[in-house]
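Here's the structure we're looking at; comments come further down.
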Amino acid sequence: MTAHLPRPRKRLGQHFLIDHNIVRKILDLAALRPDETVLEIGPGRGALTGPLCERAGQVIAIEVDPDLYRHLQATLADRPALDLRLGDALAFPFKTLPTGTVVVANLPYYLSTPLLFALLEARECLSRLVVMVQTEVARRIVAAPGHADYGVLSVLLQCWTSPTLAFRVSPTCVRPRPDVGSSVLAVRIRSEPAAPISDTQHFTRVVRAAFAHRRKTVTNSLRDEGFAQEAVQAALPQAGVAPGRRAETLSILEFAALAETLASRTNPRSNS
Ligand code: SAM
1 MTAHLPRPRK RLGQHFLIDH NIVRKILDLA ALRPDETVLE IGPGRGALTG
51 PLCERAGQVI AIEVDPDLYR HLQATLADRP ALDLRLGDAL AFPFKTLPTG
101 TVVVANLPYY LSTPLLFALL EARECLSRLV VMVQTEVARR IVAAPGHADY
151 GVLSVLLQCW TSPTLAFRVS PTCVRPRPDV GSSVLAVRIR SEPAAPISDT
201 QHFTRVVRAA FAHRRKTVTN SLRDEGFAQE AVQAALPQAG VAPGRRAETL
251 SILEFAALAE TLASRTNPRS NS
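Under the working numbering, the first residue of the sequence shown is numbered 1, with each subsequent residue one higher.
Right under this line is the structure:
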């Protein structure tokens, strides 16, 4: 008996995987062990959820759409590994997940960036992520310094994880067919950040401020975002960054050095 399928809701980013080969490639990439916990954001019609339940010890799946939630309750009732939740993933307390949780998801595009930042905050509970996102977002995540796609997302993700673009997914593999292509990322959480960072919040603030005015120099962008010009002018050479450079040319190590020297100038006690 086939259960009635709820109609796709565009505003919830509902583009369902219909290609078994892509599902298999995502599962191969996740390389789950039977004792692992999986977090799936947006199980949708369950294209990934059922196979995930066969491979992992526990699958926590959060769906915001009540119709899809009921559909999954009915179709996956025989999966003891499934812990299905109804709700907004952005409101989910990711920090309560078991240590070593693996995130496997075809993320709703309209929410992929805030969700990735929220997951990054909970990185201590996570071991790796295999996520399908818009190709444009995937490119930004893996971009290197000097590339037009390099920005806040690249620096913050690459600082605490090592992301790779594993493969592309054609719009024909998804229904309703999206206007843009997708890509699957394999993201491993680093045991140590890519650069020494003593104050994560301050580092994040510096990175965001540096990129806030992309066409300006780091000096001017930081100044326009409220950092004292004198402190910035003194910190840049100390961090080995020429004042005329733009944020998109700075490596993670340079951002970290700049954040550290700025912190010691704006808050002398932070170095003690
Ligand atoms: N995993 C399914 C698949 O691959 O076919 C569906 C993926 S679809 C791109 C995104 C899913 O995320 C949809 O089921 C949508 O309802 C759900 N979703 C959208 N916003 C959400 C939110 N804030 N919290 C949880 N799920 C959400």
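Here a beta-carbon is modelled for each residue, glycine too, at the ideal position from N, C-alpha and C.
Distances taken from the Cβ of ASP35 to the heavy atoms of the ligand SAM include none shorter than 7 Å.
Within the same chain, no residue comes within 7 Å of ASP179 by CB-CB distance, once the 5 residues on both sides are set aside. Straight-line spacing of the CA atoms in ALA263 and PRO243 works out to 17 Å.
Rounded to the nearest whole angstrom, the CA to CA distance from ARG7 to TRP160 is 38 Å. Taken in chain order, the complete beta strand (DSSP E) segments of 3 or more residues contained in the stretch 80-156 are 82-86, 101-106, 126-134. No Cβ-Cβ contact shorter than 8 Å links ILE62 with ARG45. The Cβ neighbour count for ALA74, taken over all protein chains shown within 10 Å, is under 16; the residue is labelled exposed. In the three-state scheme derived from DSSP, where H, G and I count as helix and E and B as strand, ILE189 is classed as strand. One Cα belongs to PHE203, the other to PRO171, and the distance between them is close to 37 Å. At least one heavy atom of the ligand SAM falls within 7 Å of the beta-carbon of GLY13. In the DSSP assignment, no residue is bridged to GLU248. For the set GLU254, PHE167, GLN238, ILE189, the Cα lying nearest the Cα of VAL206 is the one of GLU254.
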